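Numbering of the sequence shown is given in full-length UniProt numbering, commencing with residue 1 and proceeding in unit increments.
Report on one structure; see the data block that follows.
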Amino acid sequence: MAQASKNSEKQAYFIGGGIASLAGAAFLIRDGEMKGHNIHILEDLNINGGALDGAKSEQDGFVMRGGRMLNKPTYECTWNLLADIPSVDTPGISVKDEIHAFTDQYPTHAQARLVDKDRQIVDVKHMGFSNQDRLHMSKLLIESEEDLGAKRINEWFTAHFFQTNFWYMWATMFAFQPWHSAVEFKRYMIRFMHEFHQIDTLAGVARTPFNQYDSIVVPIQQWLEQHGVQYSLNTTVTDIDFVNNGTERTAERIHFNRDGLNGQIHVSPNDLVFFTNGSMTEHSDLGSMHSAPTLRDKGPSFGLWEKIAAKQPGFGNPSAFDDHIAESKWESFTVTCNTPLFFERMEEFSGNEAGTGALVTFKDSNWLMSIVLAHQPHFRNQPDNVQVFWGYALSGDQQGNYVNKPMSECTGAEILTELCGHLRFTEELPHLLETSNVIPCMMPFITSQFMPRIQGDRPQVIPEGSTNFAFLGQYTEIPEDVVFTVEYSVRSAMTAVYHLLNIDKEIPKPYKGQHHVKVLFESLVTAIR
């Protein structure tokens, strides 16, 4: 009871309203026995959720910048959190149970993972590796991260590797580029080794009943609100002051701007400050059916990280991630269909009903375009006569195959035209253009967390000497786990809360498939088939 009494007097401040902060607030209440009304989430935008978004847009269409795939057996921290969050739609069960039940009801088994230039579905049972590719993959798995350093993937493998079925599937599933970090690629190979044997069907993917904002963010927010957590939206944190006392340092003041007015929050040594440094979706921009999105520069999250890192040693090197927009950007698009035509044609072509397939990648697309049809409805407020699907492209600066301009300069209508060209939906195109709303989204930092890095570029969750301050999210250092996942953000939150509050509970360790004979055997068989 002494711990509960001590913690109940603390104030906690989360800078950024993404899943890491929402999870952190939940852990403070559930495991740290803090009072919800002493927990404050400061968010620059007018909505929480970060990269887990999804909403009806002002342009009379639905939009989501992206979607995170969940892994049923190995997202240990995420399921730990969601097991205690009640479902919004099904009374009496948790969000974890709801997602697992939905995944069991609509299992993923892609039948058209790759499509070639002739609109033929590629046989992806064969990975396409050469013996040299296999050798390089084997060596990568045993190479130390220290020795790999800032090496890029294309500095480890030969050109042949990037033409294999494996690379097309792997790259588009996780959004890897050849110039991304070899260390991160290695971590992914180990973390998802248990899924390697079913990479062609993505059968190990867990799906949420709706988009992740409706299915994950909304239930967590409602639970937090019931416990009294305070949200301050449209609030930009501009600086954090620290007092250094020998080997210790303590956050003592938060500077912010809300509605054009500057303010300060005094932080006592007993209070806690959590900062999500950097954002994958920072300064995203939406286009429309008739306009292309613009490419923007850094925003408040990276800006704040740069400011405090310049003043405090051990706070990381944001430049490694936020100064390479040309290498970290790509563009997604959300299509709202007011007739069932596209879904009917796509289901007929792919052999998958909506919600049972996975990414369909057009491997010979100059844009390297992929789309996915989720189970409908994909939004809680979606009308019965409307269907929504999502897509993205990794090479948007290239000329299209059917539209003579880069994707980055294309309107929503032109993106739909390019997509229908690859599918040979030529006769359907005029009707689809009349009855669809395509909203493109340019994201300058969407894979910035994959950029090559060296030790120290990502700060520790609890920086050395910190007494009341922690970093959260995709740009912190968590050994053995992989960024660009919900799990990474939730794990950072659990790590920060448990360490700052000295909570005597074990943090689940990342799953290590390489220690299981069955996983190793299945991976070997897949690599040589």
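Ideal Cβ positions, reconstructed from N, Cα and C, are used throughout, including at glycine.
All values derive from a computational prediction rather than experimental measurement.
Please determine, among Glu-434, Ile-19, Ala-496, Ile-29, the residue with the shortest C-alpha to C-alpha distance to residue 532.
-> Given that the chain is displayed from residue 1 to residue 529, the structure contains no residue 532 and the question cannot be resolved.
Minimum length 4: unbroken alpha helix (DSSP H) runs contained in the region 399–483 | Look at the region 399–483 and you find these whole runs of alpha helix (DSSP H), each 4 residues long or longer: 412–423, 429–435.
Where does Gly-17 land, buried or exposed, given buried means 16+ other C-beta within 10 angstroms?
-> So Gly-17 ends up on the buried side.
Tell me, please, which residues DSSP counts as bridged to Tyr-488.
-> Answer is none; Tyr-488 lacks a bridge partner.
Trp-390 bridges to which residues according to DSSP?
-> In DSSP, Trp-390 forms a bridge with Thr-334, Val-372.
Looking only at its own chain, which residues have a Cβ that is under 8 Å from the Cβ of Gly-32, when we skip the five neighbours before and after it?
-> Excluding residues within five positions, the ones whose Cβ falls inside 8 Å are Asn-7, Val-497, Leu-501, Ile-503.
Output the boundary residues of the beta strand (DSSP E) element that contains Thr-250.
-> Where Thr-250 is concerned, the enclosing beta strand (DSSP E) stretches over 248–258.
In angstroms, rounded to a whole number, what distance separates the CA positions of Leu-359 and Glu-145?
-> A direct Cα-Cα distance of roughly 30 Å separates Leu-359 from Glu-145.
With respect to the beta strand (DSSP E) encompassing His-40, which residues constitute its N-terminal and C-terminal limits?
-> His-40 -> beta strand (DSSP E) spans 39–42.
What residues in its chain sit with their C-beta under 7 Å from that of Asp-214, if we drop five residues either side in the sequence?
-> Gly-54, Phe-379, Arg-380.
Taking just the CA atoms, how far does Cys-410 sit from Ser-350?
-> The alpha-carbon atoms of Ser-350 and Cys-410 are separated by roughly 26 Å.
Measure the beta-carbon distance from Gly-61 to Ile-439 and round it to whole angstroms, keeping in mind my assumption that it falls under 8 Å.
-> About 5 Å; that satisfies the 8 Å criterion.
Give the DSSP-derived three-state secondary structure of Ser-8 in the structure shown.
-> Coil, per DSSP.
With Tyr-231 as the anchor, note down where its alpha helix (DSSP H) starts and where it stops.
-> For Tyr-231, there is no enclosing alpha helix (DSSP H); the enclosing beta strand (DSSP E) has its first and last residue at 230–232.
Report, in whole angstroms, the separation of the C-beta atoms of Pro-318 and Phe-302, which I expect to be a contact under 8 Å.
-> At roughly 6 Å, the Cβ-Cβ gap stays under 8 Å, so Pro-318 and Phe-302 are in contact.
CB contact flag (residue 548, Tyr-188, <8 Å) = Given a span of 1 to 529 for the chain in the structure shown, any question on residue 548 remains unanswerable.
Arg-491 classed as buried or exposed, judged by whether at least 16 other C-beta atoms fall within 10 angstroms = Arg-491 counts as buried, since at least 16 other C-beta atoms from the protein chains shown sit within 10 angstroms of its C-beta.
In angstroms, rounded to a whole number, what distance separates the CA positions of Ala-326 and Thr-526?
-> The straight-line gap from Cα to Cα measures roughly 34 Å.
Kindly provide the ranges of any beta strand (DSSP E) runs that are 3 or more residues long and lie completely inside the region 250–326, ordered along the chain.
-> Entirely contained in the region 250–326, the beta strand (DSSP E) runs reaching 3 residues are, in chain order, 261–266, 272–276.
Proximity below 8 Å, CB of Ala-206 to CB of Ile-99 | Yes, these two residues count as a Cβ contact at 8 Å.
Separation of His-197 from Thr-103, as counted between CA atoms | Their backbone Cα atoms lie some 19 Å apart in a straight line.
Taking all protein chains shown into account, do 16 or more other C-beta atoms lie within 10 angstroms of the C-beta of Arg-249, making it buried, or fewer, making it exposed?
-> By the 16-neighbour rule on beta-carbons within 10 angstroms, Arg-249 is buried.
Which whole runs of the alpha helix (DSSP H) in the region 147–181 are 4 residues long or more, in chain order?
-> With a minimum length of 4 residues, the continuous alpha helix (DSSP H) runs that stay inside the region 147–181 are 165–174.
Residues in its own chain within less than 6 Å of Ile-528 by CB, not counting five upstream and five downstream?
-> Nothing meets the Cβ criterion.
Could you check what DSSP says for Asp-239 in three-state terms: helix, strand or coil?
-> The answer is strand: DSSP assigns Asp-239 an E or B state.
State the beta-bridge partners of Phe-362 as determined by DSSP.
-> Beta-bridge pairing links Phe-362 to Val-115.
Per DSSP, what kind of secondary structure is Ala-110 in: helix, strand or coil?
-> Note: Ala-110 maps to coil in three-state DSSP.
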